[in-house]
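**Q** Numbering (UniProt numbering), first residue to last: 1 to 194.
Cβ atoms here follow ideal geometry from the backbone N, Cα and C, with glycine treated the same way.
The structure is given below, and queries will be raised subsequently.
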């Protein structure tokens, strides 16, 4: 299986947003997100990637987008995310936010996770960012939807130099599978110096 990656900005990024939405709705249905997405929510959420500093790293099997990783300057992303850094010494202008990495299951284990981070971190450096950050959803231990064989990605992130930031969390709302309404989820930020 040959999968290539392509860095998208500007108009090519905008053209890829429907693929990013499709992948988010498919991949984030699984644990730990349990996201019951819809096109309207996706369209609103993905507006952050119309920022001039935004990037999408697309994973392609031929012409088919099978994965995507997104990023944008933290100052251009959701205000709730920036607010989490209010008590930190870093300024928002120094932080690049590596948002989602979504990849169809059959394409995992091919090194694309590293390719996604490498490309976003390189893009962040070109923008003058000093730090790269992302967040992960926090679900309670013993949650009934957690698969028995679930392995968190903490080891992968730590190998890349990321560490969780104590007390730096945000809340973001989405509708879980089977739920009638959106509920707030707590997200833990991780960061590394570039």
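Rounded to a whole number of angstroms, what is the C-alpha to C-alpha distance between residue 15 and residue 24?
**A** For residue 15 and residue 24, the distance between alpha carbons rounds to 16 angstroms.
**Q** May I ask which residues mark the beginning and end of the beta strand (DSSP E) holding residue 96?
**A** Unbroken beta strand (DSSP E) run through residue 96: 95 to 103.
**Q** What residues in its chain sit with their C-beta under 8 angstroms from that of residue 112, if we drop five residues either side in the sequence?
**A** Excluding residues within five positions, the ones whose Cβ falls inside 8 angstroms are 3, 5, 59, 67 and 103.
**Q** For residue 37, collect the residues of the same chain with a Cβ closer than 7 angstroms to its Cβ; drop the 5 residues on either side in sequence, then sort them by chain order.
**A** These residues qualify, in order along the chain: 24, 25 and 28.
**Q** With distance defined between alpha-carbon atoms, name the residue in 10, 31, 21 and 162 nearest to residue 142.
**A** The shortest Cα separation from residue 142 among 10, 31, 21 and 162 belongs to 31.
**Q** Does the contact criterion of 3 or more C-beta pairs under 8 angstroms hold for the segment 117 to 125 versus the segment 95 to 102?
**A** Taking 8 angstroms as the limit for Cβ pairs, the verdict is that the segment 95 to 102 does touch the segment 117 to 125.
**Q** Put residue 126 into one of helix, strand or coil per three-state DSSP.
**A** It is helical.
**Q** Under 7 angstroms Cβ to Cβ from residue 17, same chain only, skipping five residues before and after it: list those, please.
**A** 46 and 49, listed in sequence order.
**Q** Residue 80 and residue 172 look like a contact to me (Cβ under 8 angstroms); what is the Cβ gap, rounded to whole Å?
**A** 6 angstroms between Cβ atoms; contact.
**Q** Give me the Cα-Cα distance between residue 146 and residue 152, rounded to the nearest whole angstrom.
**A** When rounded, the distance between both Cα atoms is 11 angstroms.
**Q** For residue 93, is the classification buried or exposed, using 16 other Cβ atoms within 10 angstroms of its Cβ as the cut-off for buried?
**A** Exposed is the call here.
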